[in-house]
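Peer 1: Numbering (my numbering), first residue to last: 5 to 297.
Handing you a structure now.
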Amino acid sequence: MAAAIELRGVSFAYYEKTVLRGIDLTVRQGEFVALMGPIACGKTTLLTVMNGLIPHVVKGSFGGTAKLVGNDTRTTPLRELARHAGFLFQEPDSQIFSLSVQDEVEFALRNFGVKEAERKKLVEQTLAELSLSNLADADPRELSQGQKQKVALASVLAYGPEVLLLDEPAASLDHYSSEEIYDVVKGLNRKGKTVVVVEHDTELIVDRADRLVVMNEGRLVADGKFEEVFGKKTTGLGIKEPCFSRIAHELGVQVRSEREFVEHLKGHGAGAASKSESRGAKGTRKSPWSDAT
């Protein structure tokens, strides 16, 4: 699979403060990559390198090379880069400006010079895809946070970028809305969209993302499947083991995702708990996550 994002020797400093240090990373087309790490370790800055805001808008000392769908971000105009990568912020209110949902979704299409007939078609398709058709005439400011985030995502999705860059898209959402927005994103990924998401809640992404990339102090410290990375390589970085994994550990069950764990419980029922109790005297079992190297 061809590369959607290629970073080689990427470094960045805001004036005197170095934020990124020698980043080498390739994201293949169609991948769903979760980017995690402590607060202020450079995750959001790395996203702005991927979409070209660094070096075009955000100023500082930028080193190395970054390519977005084969386009060098240094030499490719930001307007062209924006066609390839959509960016979703933590707070939807910072990304929504129009007085109706329809106008908001149409906004970027107008900026890209899409003709009116095609705009209307794309807006209708996008609203339908995200189950927002019934809110087309609504004022986005009066919607729930979950609905606002779906509108913000729709406004990005409408112009057809191959890559979606999401900066903690569930940060201001309740649990139900968080699950809903990530189900939508996963659905887009299944249709071929490349997704890179900064997220702190492991349970939201562990069975949705293909790959976990961990950062610390501006460097990549781990990269691989969740079961390969989680545990030893994330110790001390504030990344919590998912709840389902801890429960599975207590039950002595070897699973790699929440859905897999639920299916196991459906198949084994109360017998799983009884089995766990009968083994309790034999000592502590290791979590399947702790075997990662």
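We treat Cβ as the ideally placed atom computed from N, Cα and C, and that holds for glycine.
Which residues in the same chain as Thr69 place their Cβ atom closer than 6 Å to its Cβ, once the five residues preceding and following it in sequence are excluded?
Peer 2: Within the sequence shown, numbered from 1, the residue matching residue 69 stands at position 65. Around Thr69: Arg12.
Peer 1: Using the Cβ count rule (16 or more neighbours within 10 Å means buried), how would you classify Tyr163?
Peer 2: In the sequence shown, residue 163 corresponds to position 159, counting from 1. With 16 or more other Cβ atoms within 10 Å, it is buried.
Peer 1: Given this structure, state the Cα-to-Cα distance separating Thr48 from Gln94, to the nearest angstrom.
Peer 2: Here residue 48 is taken as the residue at index 44 of the sequence shown, counted from 1. Here residue 94 is taken as the residue at index 90 of the sequence shown, counted from 1. The alpha-carbon atoms of Thr48 and Gln94 are separated by roughly 10 Å.
Peer 1: If we count the other Cβ atoms within 10 Å of its Cβ and call it buried at 16 or more, is Cys247 buried or exposed?
Peer 2: Sequence index remark: in the sequence shown, residue 247 carries index 243 (1-based). So Cys247 counts as exposed.
Peer 1: In the DSSP assignment, what are the bridge partners of Ile9?
Peer 2: In the sequence shown, counting from the first residue as 1, residue 9 sits at position 5. DSSP output for Ile9 lists Val31, Leu72 as bridge partner(s).
Peer 1: Give me the Cα-Cα distance between Gln149 and Leu177, rounded to the nearest whole angstrom.
Peer 2: Residue mapping note: residue 149 aligns to position 145 of the sequence shown, counting from 1. Residue mapping note: residue 177 aligns to position 173 of the sequence shown, counting from 1. Those two C-alpha atoms are separated by around 6 Å.
Peer 1: The beta strand (DSSP E) that contains Asp187, what's its start and end?
Peer 2: Here residue 187 is taken as the residue at index 183 of the sequence shown, counted from 1. Where Asp187 is concerned, there is no enclosing beta strand (DSSP E), although the alpha helix (DSSP H) it sits in stretches over 179 to 194.
Peer 1: Rounded to whole angstroms, what is the Cα-Cα separation between Pro96 and Gln153?
Peer 2: In the sequence shown, residue 96 corresponds to position 92, counting from 1. In the sequence shown, residue 153 corresponds to position 149, counting from 1. Those two C-alpha atoms are separated by around 5 Å.
Peer 1: Using C-beta distances below 7 Å, list every residue in its chain close to Val210, excluding the 5 sequence neighbours before and after it, in chain order.
Peer 2: For the purposes of this step, residue 210 is taken as the residue at position 206 of the sequence shown. Same-chain partners within the cutoff: Phe230, Pro246, Ser261, Glu262.
Peer 1: Between which residues of its own chain and Val257 is the CB-CB distance below 6 Å, once the five residues before and five after are set aside?
Peer 2: Numbered from 1 along the sequence shown, position 253 holds the residue referred to as residue 257. His268, listed in sequence order.
Peer 1: Pull the bridge partners of Ser65 from the DSSP assignment, please.
Peer 2: For the purposes of this step, residue 65 is taken as the residue at position 61 of the sequence shown. Bridge partners of Ser65: Ala17.
Peer 1: Quick test of your reading: Asn220 and Cys45, contact by CB under 8 Å. State the CB separation rounded to the nearest angstrom.
Peer 2: Stepping through the sequence shown from its first residue, residue 220 is reached at position 216. Stepping through the sequence shown from its first residue, residue 45 is reached at position 41. Contact holds; Cβ gap of about 5 Å.
Peer 1: Within the segment 51 to 138, note down every full beta strand (DSSP E) run reaching 3 residues or more, in order along the chain.
Peer 2: Whole beta strand (DSSP E) segments, 3+ residues: 65 to 72, 89 to 92.
Peer 1: Can you tell which of Ala89, Pro59, Phe91 has the C-alpha that lies nearest to the C-alpha of Thr79?
Peer 2: Counting from one through the sequence shown, the residue named residue 79 turns up at place 75. Nearest C-alpha to Thr79: Pro59.
Peer 1: For Ala156, tell me which candidate among Val109, Leu216, Ser181 has the shortest Cα-Cα distance.
Peer 2: Counted from its first residue, the sequence shown places residue 156 at position 152. Residue Val109 is the option with its Cα nearest to Ala156.
Peer 1: Strictly by DSSP, which residues pair up with Leu39?
Peer 2: In the sequence shown, counting from the first residue as 1, residue 39 sits at position 35. Beta-bridge pairing links Leu39 to Val202, Val217.
Peer 1: Count the other CB atoms within 10 Å of the CB of Ile43; is the residue buried (16 or more) or exposed (fewer)?
Peer 2: On the sequence shown, position 39 is the one that residue 43 refers to. When all chains shown are included, Ile43 counts as exposed.
Peer 1: Looking at Leu241: is its Cβ nearer than 8 Å to the Cβ of Gly26?
Peer 2: The residue labelled residue 241 in the question sits at position 237 within the sequence shown. The residue labelled residue 26 in the question sits at position 22 within the sequence shown. Cβ atoms of Leu241 and Gly26: not closer than 8 Å.
Peer 1: Which same chain residues end up closer than 6 Å to Pro165 when comparing Cβ atoms and leaving out the 5 residues on each side of it in sequence?
Peer 2: Working through the sequence shown from its first residue, we reach residue 165 at position 161. Counting only Cβ-Cβ distances below 6 Å, and skipping sequence neighbours, we find His88, Ala89, Gly90.
Peer 1: Since I believe Val189 is in contact with Leu170 (beta carbons under 8 Å), could you give me their beta-carbon distance rounded to a whole number of angstroms?
Peer 2: In the sequence shown, counting from the first residue as 1, residue 170 sits at position 166. In the sequence shown, counting from the first residue as 1, residue 189 sits at position 185. Correct: roughly 7 Å between the Cβ atoms.
Peer 1: May I ask you to report which of helix, strand or coil DSSP gives Gly263?
Peer 2: Here the question's residue 263 lines up with position 259 in the sequence shown. The identity of residue 263 in the sequence shown is Arg, whereas the question assumes Gly. Helix.
Peer 1: So, with DSSP's three-state summary, where would you put Val257?
Peer 2: Numbered from 1 along the sequence shown, position 253 holds the residue referred to as residue 257. Coil.
Peer 1: Identify, in the order they occur along the chain, each residue of the same chain with its Cβ nearer than 6 Å to the Cβ of Gln151, setting aside the five sequence neighbours on each side.
Peer 2: For this step, residue 151 is matched to residue 147 along the sequence shown. Closer than 6 Å at Cβ, skipping near neighbours: no residue.
Peer 1: Is Leu224 helix, strand or coil when you go by DSSP?
Peer 2: For the purposes of this step, residue 224 is taken as the residue at position 220 of the sequence shown. Three-state result, Leu224: strand.
Peer 1: Can the beta-carbon of Pro214 be found less than 8 Å from the beta-carbon of Val31?
Peer 2: As a working note, residue 214 is residue 210 in the sequence shown. As a working note, residue 31 is residue 27 in the sequence shown. A small fix is needed here, since residue 214 is Asp in this sequence, not Pro. The answer is no: Cβ separation not under 8 Å.
Peer 1: Between the C-alpha atoms of Val127 and Gln106, what's the straight-line distance to the nearest angstrom?
Peer 2: Position 123 of the sequence shown, counted from the first residue, corresponds to residue 127. Position 102 of the sequence shown, counted from the first residue, corresponds to residue 106. Cα to Cα, the separation comes out at about 7 Å.
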